[in-house]
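S.K.: Okay, handing you the structure first.
Residue numbers (the numbering used here): 187 to 624.
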């Protein structure tokens, strides 16, 4: 149970919110203005939920008097600008009115979980990396990032395309003592094989046809900072040999030169390829593989991050609305159901593109499933034979789906269809009182 201070001047909304919070076991104190909220001792609560526009002063005036208590801002004027401004001055999150009960309780649950150090950040977006991590798999990734960042060790980031490998590399750089240096990102697959050595390691004037001037190369450009080599498995043999020299001796030699130059560069490499298999096939150097893999970080595909799907969708929704200058819109339950049911072969990148597509095609205040451009799950028939309504809550959808399919599908299959882990399925069964069939 958490102690929550609700600051809202409209009695109807305040009463509705009080009932919702109390049903979930929270202790609620009410205030109708910023002055009343300050008098209540806002720093002594576990969470403050405040309307943005209040009599005499905005709800953001509470910030600065809240101590370490997170503040969730509500607003009926849900523009990205006001939400971003609230976040800039210290709000923990925001929600638009009229709010969805499940969305509200998801935010309350996230914001009232005790903050812990290191990677086990309570959920939602991690403050240090900006990455959404509510699943155990992603929390393990954050923990790995925090452990490797302060070192100078070379890191190999592994994962399918679209899982966010460059975001991990940037997070490592930002948390290292090289954060003031340059972060140079190179997509090895995007540079023609005949130019990759020159682009990475530089060349002398006249080293080859077209080399009319001396060129320093990207390794030297990253001196004092971090060099991120995306799709490192695409490097040709000659470039692999030169990269090995950089890693072993911290020196680089221009194409067409006999002189070497010392460089101070931390290398982070990434690939979706199976490098051990490439080593066996003699298409990737074994010594380079082990030099790159001093420390490795494996990013899970999105289909294994069911607990992150809703938070990621909402994160991208806010991001896209801001970029397009659109008012904040909400995800309909059917859209969330479709997001959970889809396999996301393109991973996080595919999800972001789907959200952007849906926002562009949306005319109203809600994002609908058909706008995502993915296969939308057919509503499941309830026991009484009535179809699931488009507006049913995710909890109702979950209950109906499980109860309808549990006699014909295994737990693993049900979890996969819902886009969650077996552990998450078990926890929701227990929370909602849905026993497994004998």
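The beta carbon of each residue, even a glycine, is placed where N, CA and C say it ideally should be.
Specify the secondary structure class of residue 170 as computed by DSSP and reduced to three states.
M.R.: Since the first residue of the chain shown is 187 and the last is 624, residue 170 is not available in this structure.
S.K.: Residue 401 bridges to which residues according to DSSP?
M.R.: Translated into positions along the chain shown, residue 401 becomes position 215. In the DSSP output, where bridge partners are listed per residue, residue 401 has 389.
S.K.: Would you check if there are 3 or more beta carbon pairs closer than 8 angstroms linking the segment 368 to 378 to the segment 509 to 525?
M.R.: No, they do not touch.
S.K.: If you compare alpha carbons, which of 224, 196 and 260 is closest to residue 250?
M.R.: The sequence position of residue 250 within the chain shown is 64, counting from 1. That would be 224, whose Cα lies nearest to the Cα of residue 250.
S.K.: For residue 260, name the three-state secondary structure that DSSP assigns.
M.R.: Position 74 of the chain shown, counting from 1, holds the residue named residue 260. In this structure, residue 260 counts as strand in the three-state DSSP scheme.
S.K.: For my contact list, residue 188 and residue 233 are in at a C-beta cut-off of 8 angstroms; report their separation, rounded to the angstrom.
M.R.: Taking the first residue of the chain shown as position 1, residue 188 is located at position 2. Taking the first residue of the chain shown as position 1, residue 233 is located at position 47. At roughly 6 angstroms, the Cβ-Cβ gap stays under 8 angstroms, so residue 188 and residue 233 are in contact.
S.K.: Could you pull the start and end residues of the beta strand (DSSP E) that residue 437 belongs to?
M.R.: Position 251 of the chain shown holds residue 437. Here the beta strand (DSSP E) through residue 437 covers 437 to 439.
S.K.: At what residues does the beta strand (DSSP E) containing residue 448 begin and finish?
M.R.: The residue labelled residue 448 in the question sits at position 262 within the chain shown. 446 to 448 is the span of the beta strand (DSSP E), which, as asked, contains residue 448.
S.K.: Specify the secondary structure class of residue 587 as computed by DSSP and reduced to three states.
M.R.: In the chain shown, counting from the first residue as 1, residue 587 sits at position 401. Of the three classes helix, strand and coil, the one that applies to residue 587 here is helix, per DSSP.
S.K.: Please report the residue range of the alpha helix (DSSP H) in which residue 522 lies.
M.R.: Indexing the chain shown from 1 puts residue 522 at position 336. Note, residue 522: alpha helix (DSSP H), 519 to 527.
S.K.: Note the first and the last residue of the continuous beta strand (DSSP E) segment covering residue 373.
M.R.: Walking along the chain shown from the start, residue 373 turns up at place 187. Residues 369 to 373.
S.K.: With the cut-off set at 8 angstroms, would you say residue 248 and residue 334 are in Cβ contact?
M.R.: The residue given as residue 248 occupies position 62 in the chain shown. The residue given as residue 334 occupies position 148 in the chain shown. Against a cut-off of 8 angstroms, the Cβ pair of residue 334 and residue 248 comes out as no contact.
S.K.: Rounded to a whole number of angstroms, what is the C-alpha to C-alpha distance between residue 597 and residue 493?
M.R.: For the purposes of this step, residue 597 is taken as the residue at position 411 of the chain shown. For the purposes of this step, residue 493 is taken as the residue at position 307 of the chain shown. Approximately 16 angstroms, taken between the alpha carbons.
S.K.: Count the other CB atoms, across all protein chains shown, that sit within 10 Å of the CB of residue 389; report buried if there are 16 or more and exposed otherwise.
M.R.: Translated into the one-based positions of the chain shown, residue 389 becomes position 203. With 16 or more Cβ atoms within 10 Å of its Cβ, residue 389 is classed as buried.
S.K.: Identify whether residue 281 lies in helix, strand or coil by the three-state DSSP scheme.
M.R.: The sequence position of residue 281 within the chain shown is 95, counting from 1. Correct three-state label for residue 281: strand.
S.K.: Taking residue 541 as the reference, give the member of 530, 558 and 526 with the closest Cα.
M.R.: Position 355 of the chain shown, counting from 1, holds the residue named residue 541. Checking every option, the nearest Cα to that of residue 541 belongs to 558.
S.K.: When you compare only the Cα positions, how much space is there between residue 287 and residue 206?
M.R.: Taking the chain shown and counting its residues from 1, the one referred to as residue 287 is at position 101. Taking the chain shown and counting its residues from 1, the one referred to as residue 206 is at position 20. Using only the alpha carbons, I get a separation of about 7 angstroms.
S.K.: Leaving out five residues before and five after residue 303 in sequence, what residues of the same chain have Cβ atoms less than 6 angstroms from its Cβ?
M.R.: Here residue 303 is taken as the residue at index 117 of the chain shown, counted from 1. Note that residue 303 scores a pLDDT of 33, beneath 50, so its modelled location is shaky and nothing firm can be said.
S.K.: Let me check understanding here. Comparing Cα to Cα, which of 614, 599, 487 and 509 lies closest to residue 319?
M.R.: Stepping through the chain shown from its first residue, residue 319 is reached at position 133. Comparing Cα-Cα distances from residue 319 to each of 614, 599, 487 and 509, the minimum goes to 487.
S.K.: Using CA atoms only, rank isn't needed, just tell me which of 255, 220, 531 and 229 is closest to residue 239.
M.R.: Translated into positions along the chain shown, residue 239 becomes position 53. The option with the nearest alpha carbon to residue 239 is 220.
S.K.: Beta carbon of residue 545, beta carbon of residue 498: below 8 angstroms?
M.R.: Residue numbering aside, residue 545 sits at position 359 when the chain shown is read from its first letter. Residue numbering aside, residue 498 sits at position 312 when the chain shown is read from its first letter. In this structure, residue 498 does not lie closer than 8 angstroms to residue 545 by Cβ.
S.K.: Let's see if you can read the secondary structure: which residues bound the alpha helix (DSSP H) around residue 465?
M.R.: Within the chain shown, the letter at position 279 stands for residue 465. 461 to 466 is the extent of the alpha helix (DSSP H) around residue 465.
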